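Q: Residue numbers (the working numbering): 289 to 647. Let me give you the structure first, and then I'll get to my questions.
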Amino acid sequence: MKIVTIVGARPQFIKAAVVSKHIRKYYTEILVHTGQHYDKNMSDIFFDEMEIPKPNYNLGVNNGSHAEMTARMLVELEKVFLNENPDMILVYGDTNSTLAAALVAAKIHIPICHVEAGTRTYCNTNPEEINRVCTDHLSSLLLTCTKKSQENLVKEGLSEKGKLVGDPMYDAFCFYKNKAQEGQYKLKSIENNTALEIPKRFYYLTCHREENTVKEDALKEILTAANQLEFPSIYPVHPRNKKRAMEILKKYKFSKVYLVEPVGYLTSIHLVLNAEKIITDSGGLQREAFFSGKQCVTILDFEVWPETMIQNRNQLCSPNSEDILNKLSKHQVIDENYMPFGDGDSAKKIVAEINAFLK
């Protein structure tokens with residue numbers, strides 16, 4: 289039997305790294321990379337260092353509006369699905385790649401398995417929310433990371449399709465964290481294109497969402513907060529945000545913010561594990577901060593993973609320097625018995641549910 293797996297963005301590469309190993313014990317897997325994340329450090333390095341099988345197809349769809357990219361993916365994915373004639377389509381998360389694959393598969397009557405189903409922010413101005421809701425309602429098998437996500441499916445009348453399996457990102461974190469700590473890493477400064485040693489003590493900052501980067505004011509406030517912290521902040525910059533970040537850094541002379549090229553998965557986990565604290569607007573990084581016991585502030589208007597929002601372990605922030613610094617100063621409390629994302633064995637459970645569905 290054959291499964292076509294769709295990936296296009298960094299979080300999906302991470303999940304595929306652990307799930308594909310188990311899928312290939314039972315099925316022929318055809319891996320399709322839509323090209324949504326196309327920079328070498330945002331794509332190729334993940335496949336190399338995590339030993340993900342090379343994609344059978346790379347559609348090269350990137351650059352453009354949500355509508356433009358989704359439309360191009362629809363056309364190209366339909367060709368792939370008709371050519372391969374799979375028994376199931378496997379999609380992850382909430383990207384344009386995910387929605388496009390689900391739409392195509394539903395229209396030509398191929399069953400869809402959605403991993404990371406049931407996640408809800410209840411913020412319909414968030415493009416990812418639209419992607420995940422539509423994908424869930426088109427899918428045949430909904431595999432959830434947390435009990436909360438399973439409850440969300442119940443509210444929408446989708447509980448019969450839903451199965452709680454845990455979070456494959458936690459699987460990946462558990463599997464790769466020792467390797468990440470053992471590695472020797474250097475960063476590449478985008479200010480002068482030189483190698484940069486990782487400081488002994490630092491904060492880890494990621495910021496890529498449109499609401500935090502399109503206008504100068506929001507990003508300026510975030511970098512202002514980072515520049516006032518006790519230790520430097522390492523900020524790997526998304527390619528589309530590089531120009532604005534550089535302009536702000538030079539304009540306001542933020543000497544304690546280190547702008548660096550995007551980093552691979554192992555480097556990122558190394559930074560998570562060794563950072564003092566973390567500032568982010570990433571759904572994946574806030575979970576990895578939680579997995580590592582590092583306090584995190586998330587600069588968003590809505591909760592993506594409410595499971596992490598306990599005892600100051602992760603706090604929502606506005607893009608306001610005072611708010612960021614105030615919340616970073618709070619003390620977190622860690623309950624070692626609290627494990628909302630499962631036991632690190634979700635990949636096996638995902639494949640077991642696929643087996644049960646297809647057989």
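All C-beta atoms in this analysis are idealised placements derived from N, C-alpha and C, irrespective of residue type, glycine included. Quick caveat, the model's predicted, so the values are computed rather than measured.
#1: Thinking just about the alpha-carbon of each residue, which of A635, C411, N480 and E366 is nearest to the one in A393?
#2: Report the rounded CA-to-CA distance for K342 versus F334, giving the unit in angstroms.
#3: Nearest-angstrom Cα distance between D623 and A405?
#4: In the DSSP assignment, find the alpha helix (DSSP H) that holds K582 and state where it starts and stops.
#5: Can you list, in chain order, the stretches of the beta strand (DSSP E) that have 3 or more residues and sit fully within the segment 406–476?
#6: Report the start-end ranges of each alpha helix (DSSP H) in the segment 310–344 that is 4 residues or longer and not cut off at the edges.
#7: Just to check my reading of the structure: V548 and I522 have Cβ atoms closer than 8 Å, yes? What is that Cβ distance to the nearest angstrom?
#8: Mind checking who L604 pairs with in its DSSP beta bridge?
#9: If we count Cβ pairs, one from each stretch, closer than 8 Å, do we get three or more for the segment 548–560 versus the segment 464–473?
#10: Out of F578, A297 and I478, state which residue places its alpha-carbon closest to the alpha-carbon of N529.
#11: Is there at least one non-hydrogen atom of the ligand NAP closer than 6 Å to the beta-carbon of M627?
#12: For K550, list the residues DSSP reports as bridge partners.
#13: Of all the options K544, T494 and I536, which has the alpha carbon lying nearest to the alpha carbon of Q516?
#14: May I ask you to list the residues that DSSP assigns as paired with H402?
#15: Starting from L511, trace the alpha helix (DSSP H) in both directions and tell me its first and last residue.
#16: Hey, would you say A506 sits closer than 7 Å to P607, going by beta carbons?
#17: Give me the residue from T413, P550, T409 and K531 with the minimum Cα distance to C476.
#18: Cβ atoms of D569 and I598: under 7 Å apart, would you say?
#19: Comparing alpha-carbon positions, which option in F461, F463 and P487 lies nearest Y473?
#20: Which two residues bound the contiguous alpha helix (DSSP H) that contains S609?
#21: Once the 5 residues before and after V306 are set aside, which same chain residues still bring their CB inside 6 Å of it?
#22: Sort R420, L426 and S428 by Cα distance to T437 and report the nearest one.
#23: Take L484 and list the residues in its own chain whose beta-carbon comes closer than 8 Å to its own, dropping the five residues that flank it on each side.
#24: How would you call Q573, buried or exposed, if buried means at least 16 neighbouring beta carbons within 10 angstroms?
#25: State the Cα-Cα distance for the pair D611 and L559, rounded to the nearest angstrom.
#26: Pop quiz: C401 and L431 are said to be a contact at Cβ under 8 Å. What is the actual Cβ separation, rounded to whole angstroms?
#27: Can you list, in chain order, the residues of its chain whose CB lies under 7 Å from that of L387, leaving out five sequence neighbours each side?
#28: Can you tell which of I340, S385, Y380 and L378 has its C-alpha closest to the C-alpha of M361?
#29: Using the C-alpha atoms, what's the distance from A389 back to H310?
#30: When the Cα atoms are used, what is the spatial distance from D382 to E509?
#31: By alpha-carbon positions, which one of P527, L452 and M534 ends up nearest to N480?
#32: Starting from E366, trace the alpha helix (DSSP H) both ways and give me its first and last residue.
#33: Just confirm the distance between the C-beta atoms of A304 and I340, as a whole number of angstroms; I'd bet it's less than 8 Å.
#34: Let me check understanding here. Comparing Cα to Cα, which of T434, K539 and R601 lies closest to H619?
#35: Within this structure, are the beta carbons of L319 and N344 separated by less than 7 Å?
A: With the given structure in hand:
#1: Ranking A635, C411, N480 and E366 by Cα distance to A393 puts E366 first.
#2: 11 Å
#3: 26 Å
#4: No alpha helix (DSSP H) contains K582, which DSSP labels as neither H nor E.
#5: 429–432, 450–452 and 474–476
#6: 332–337
#7: Cβ atoms of V548 and I522 come within 8 Å of each other, at about 6 Å.
#8: T586
#9: yes
#10: I478
#11: By its list of ligands, the structure shown contains no ligand whatsoever, and the ligand NAP lies outside what it can speak to.
#12: One detail in the question is off: residue 550 reads as Pro in this sequence, not Lys. Paired residue(s): none; P550 is not in a bridge.
#13: K544
#14: V379 and L430
#15: E504 to N515
#16: yes
#17: Sequence check: residue 476 is Lys here, not Cys. Taking only the C-alpha atoms, the option nearest K476 is P550.
#18: It is not a contact, given that the beta carbons lie outside the stated cut-off.
#19: P487
#20: S609 to L616
#21: Taken in chain order, the residues that qualify are P456, D459, A460 and A635.
#22: A small correction: the amino acid at residue 437 is Ser; Thr does not occupy that position in the sequence shown. Comparing Cα positions, the closest option is R420.
#23: K474, L475, K476, S477, Y546 and V548
#24: Correcting the residue identity first, residue 573 is Leu in this sequence and not Gln. Counting Cβ neighbours within 10 Å, L573 comes out buried, since at least 16 surround it.
#25: 23 Å
#26: 7 Å
#27: Same-chain partners within the cutoff: T358, N419, C422 and T423.
#28: With distances taken between Cα atoms, M361 lies closest to S385.
#29: 22 Å
#30: 28 Å
#31: Residue M534 is the option with its Cα nearest to N480.
#32: H354 to E372
#33: 6 Å
#34: R601
#35: Yes, these two residues count as a Cβ contact at 7 Å.
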